[in-house]
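Take the sequence shown: its position 469, counted from the start at 1, is 483 in the numbering used here, and no numbers get skipped.
Cβ coordinates follow ideal geometry from the N, Cα and C atoms, glycine included.
As the structure is a computational prediction, the values presented were derived from the model and not from experiment.
The block underneath contains the structure these notes are about, expressed in structure tokens.
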Amino acid sequence: MLKEIMKEKLSEVVQAIVPVVAIVLILSVTVVPMPTHVVMVFFYGCILLMIGMVFFTIGAEQAMEPMGKQVGARITKTRRLSLILPLGFLLGFMITISEPDLQVLANQVQSIPNSVLILSVSGGVAFFLLMALIRMVTGIALQRLLLLFYGIAFALAFFAPPDFLAVAFDSGGVTTGPMTVPFIMAFGVGVSTLRGTKQSSQDSFGLIALCSVGPIIAVLLLSLIFRPENADFSPIVVPRVLTSLQLSGMFLDALPDQIHEIAQAILPIAIFFGIFQLIFLHLEKKSLVRIFNGIIFTYIGLVLFLTGANVGFIPAGFDLGSILATLPYNWIIIPIGMLIGYFIIKAEPAVYVLMRQVEDITDGAISGTALQRSLSIGVAVSVGLAMVRVLTGIHLFYMLIPGYAIALLLSFVVPPVFTAIAFDSGGVASGPMTATFLLPFAMGACMTVGGNVVTDAFGVVTMVAMTPLIAIQCLGLAYKLKAKQAPKPEVVENTLEGYGDYDIIDL
Numbered sequence: 015m016l017k018e019i020m021k022e023k024l025s026e027v028v029q030a031i032v033p034v035v036a037i038v039l040i041l042s043v044t045v046v047p048m049p050t051h052v053v054m055v056f057f058y059g060c061i062l063l064m065i066g067m068v069f070f071t072i073g074a075e076q077a078m079e080p081m082g083k084q085v086g087a088r089i090t091k092t093r094r095l096s097l098i099l100p101l102g103f104l105l106g107f108m109i110t111i112s113e114p115d116l117q118v119l120a121n122q123v124q125s126i127p128n129s130v131l132i133l134s135v136s137g138g139v140a141f142f143l144l145m146a147l148i149r150m151v152t153g154i155a156l157q158r159l160l161l162l163f164y165g166i167a168f169a170l171a172f173f174a175p176p177d178f179l180a181v182a183f184d185s186g187g188v189t190t191g192p193m194t195v196p197f198i199m200a201f202g203v204g205v206s207t208l209r210g211t212k213q214s215s216q217d218s219f220g221l222i223a224l225c226s227v228g229p230i231i232a233v234l235l236l237s238l239i240f241r242p243e244n245a246d247f248s249p250i251v252v253p254r255v256l257t258s259l260q261l262s263g264m265f266l267d268a269l270p271d272q273i274h275e276i277a278q279a280i281l282p283i284a285i286f287f288g289i290f291q292l293i294f295l296h297l298e299k300k301s302l303v304r305i306f307n308g309i310i311f312t313y314i315g316l317v318l319f320l321t322g323a324n325v326g327f328i329p330a331g332f333d334l335g336s337i338l339a340t341l342p343y344n345w346i347i348i349p350i351g352m353l354i355g356y357f358i359i360k361a362e363p364a365v366y367v368l369m370r371q372v373e374d375i376t377d378g379a380i381s382g383t384a385l386q387r388s389l390s391i392g393v394a395v396s397v398g399l400a401m402v403r404v405l406t407g408i409h410l411f412y413m414l415i416p417g418y419a420i421a422l423l424l425s426f427v428v429p430p431v432f433t434a435i436a437f438d439s440g441g442v443a444s445g446p447m448t449a450t451f452l453l454p455f456a457m458g459a460c461m462t463v464g465g466n467v468v469t470d471a472f473g474v475v476t477m478v479a480m481t482p483l484i485a486i487q488c489l490g491l492a493y494k495l496k497a498k499q500a501p502k503p504e505v506v507e508n509t510l511e512g513y514g515d516y517d518i519i520d521l
């Protein structure tokens, strides 16, 4: 059984990663003459990344999601907000502080100490997870809260120093990564039963959306009291390797750090669940063994995935961006960036979690394929716009303000479930692949053209997080129009109750 599952997952992962590998390899022998040792490190990194994704996706299904659902459902049975809210805050802080994506971003933001950035972001996520739980209990419309909080974020942004602006908005994207998404989304499914309404399960969407706003506001508030250090960004250099033994040694040298970091990430959650099991859950031995195995799979998967991404993808992305920016026709970085962006979203581990959750909650009424295609289009556009910023130095506001204005206006037109999924997908799309490949890609190009890395290269993560909000809601608009044109007798009722009757859509 496990062998069949692994074969199925491996097939999915290969389809997701191979296009990105093919693009980089083709570029390296045509317009971008990358050093051979960088290409080899990238290739080895891809192999580790693929194996890691297989283990992670199996682990998320067997452990992270069941743990989140069990904890959410059990504390909901108490009907006590005095228990639900403090636990929600604790979980939000604990999971975010251990999020690998946040560690990757913090390491690349050299002007702010890692601990300062990580604690600020974790506090923001914890507080806004609290707000999301209150919304689920009270039934407050998500679009109203999004309008309020993004309004506060942009108001604060006008007072923030330029060095904080892009980092603040980027932090909102990286916090919702492979650790956060499976657990928080499943936790939301458990808590959503508290209201007991027909669309209560759909209320579980929107947690990631609000958790993505928290870090932005937290870092912008930090900017009012903290002055960043002046840090010079140095190029990312890969040591020249001449033998396969040296190549293996690079990854083996990085492995202990990842083993330690991922242990710090997973151990607190496992301990918390263990204590919760002893006091409240009392699950059967069979369920516990499955969850334990899932935790092991998640751990192995994340260690391999992040080792491959950090060692192989960061330098390859940096070199690719640097070389493209030196070409006389450096504008080519825009379409190439869009092409990479279109395919790289398929390699984000948390995207698969969201797709499965959407199909489960809506009983397949919203197709995972249509969702992924919309995300790919959105990310392609976002990377193209980010490359325009790198080449021209356009202020981030000129893209963020119109983008979020369109997204928030659409939220009052499309079915609410699409708004929740869209804002969730924005956080999910900007995961480890963005932090370890697209951000270094932008940094390399920016340093080559003589731009300001902090203001011009940072911001690519938030661009990746923004465009899916529009793309998924456009999918919802198409969904709504299709439903109106469909003959009434043929309409299929599904779990989108409360939002009208819609046919299954797969654009």
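Nearest-angstrom beta carbon gap, residue j and residue i [assumed within contact, 8 Å]
{"i": "L116", "j": "A174", "result": "That belief does not hold up - the Cβ atoms of L116 and A174 are roughly 19 Å apart, past 8 Å."}
{"i": "T321", "j": "F265", "result": "6 Å"}
{"i": "L316", "j": "P192", "result": "6 Å"}
{"i": "V68", "j": "L24", "result": "5 Å"}
{"i": "A400", "j": "A456", "result": "6 Å"}
{"i": "T433", "j": "L156", "result": "6 Å"}
{"i": "M199", "j": "Q371", "result": "5 Å"}
{"i": "L424", "j": "Q487", "result": "4 Å"}
{"i": "A146", "j": "C225", "result": "7 Å"}
{"i": "P482", "j": "L389", "result": "5 Å"}
Sub-7 Å separation of residue i and residue j beta-carbons
{"i": "A171", "j": "L179", "result": "yes"}
{"i": "V428", "j": "G351", "result": "no"}
{"i": "G417", "j": "M480", "result": "yes"}
{"i": "A443", "j": "V404", "result": "no"}
{"i": "V203", "j": "K83", "result": "yes"}
{"i": "I309", "j": "A284", "result": "yes"}
{"i": "V227", "j": "F163", "result": "yes"}
{"i": "V338", "j": "I347", "result": "Before going further, note that residue 338 is Leu rather than Val in the sequence given. Against a cut-off of 7 Å, the Cβ pair of I347 and L338 comes out as a contact."}
{"i": "D177", "j": "V467", "result": "no"}
{"i": "E275", "j": "T194", "result": "no"}
{"i": "I289", "j": "Y313", "result": "no"}
{"i": "N128", "j": "A120", "result": "yes"}
{"i": "G326", "j": "P229", "result": "no"}
{"i": "G66", "j": "F319", "result": "yes"}
{"i": "M369", "j": "G382", "result": "yes"}
{"i": "A419", "j": "I484", "result": "no"}
Alpha-carbon spacing of residue i relative to residue j, whole angstroms
{"i": "G473", "j": "A379", "result": "34 Å"}
{"i": "I89", "j": "L221", "result": "17 Å"}
{"i": "S206", "j": "T376", "result": "14 Å"}
{"i": "V27", "j": "M64", "result": "6 Å"}
{"i": "F311", "j": "L341", "result": "44 Å"}
{"i": "P80", "j": "L297", "result": "11 Å"}
{"i": "I435", "j": "T110", "result": "20 Å"}
{"i": "I293", "j": "V85", "result": "11 Å"}
{"i": "Q122", "j": "T44", "result": "29 Å"}
{"i": "L510", "j": "L99", "result": "A caution first: L510 carries a pLDDT of 47, below 50, which makes its placement in the model unreliable, though a value can still be read off. If you take the alpha carbons of L510 and L99, they lie about 27 Å apart."}
{"i": "F357", "j": "T448", "result": "12 Å"}
{"i": "I132", "j": "A77", "result": "25 Å"}
Nearest neighbour of residue i, chosen from the options [CA to CA]
{"i": "W345", "options": "T406, S25, A497, R387", "result": "T406"}
{"i": "D333", "options": "R403, F451, V367", "result": "F451"}
{"i": "A384", "options": "M401, V397, E75, K360", "result": "K360"}
{"i": "M461", "options": "Y493, I486, G335, I435", "result": "G335"}
{"i": "V52", "options": "L99, Q272, V35", "result": "V35"}
{"i": "F411", "options": "A167, L495, I72", "result": "A167"}
{"i": "V397", "options": "M477, A419, V181", "result": "M477"}
{"i": "P282", "options": "M108, D267, T71, L495", "result": "M108"}
{"i": "G102", "options": "K21, L62, L144", "result": "L144"}
{"i": "I239", "options": "R158, V130, S185", "result": "V130"}
{"i": "I305", "options": "I72, T50, F201, V45", "result": "I72"}
{"i": "T50", "options": "T257, I61, V431", "result": "T257"}
{"i": "D470", "options": "M413, G165, F357, Q291", "result": "M413"}
{"i": "F70", "options": "Y366, F437, F57", "result": "Y366"}
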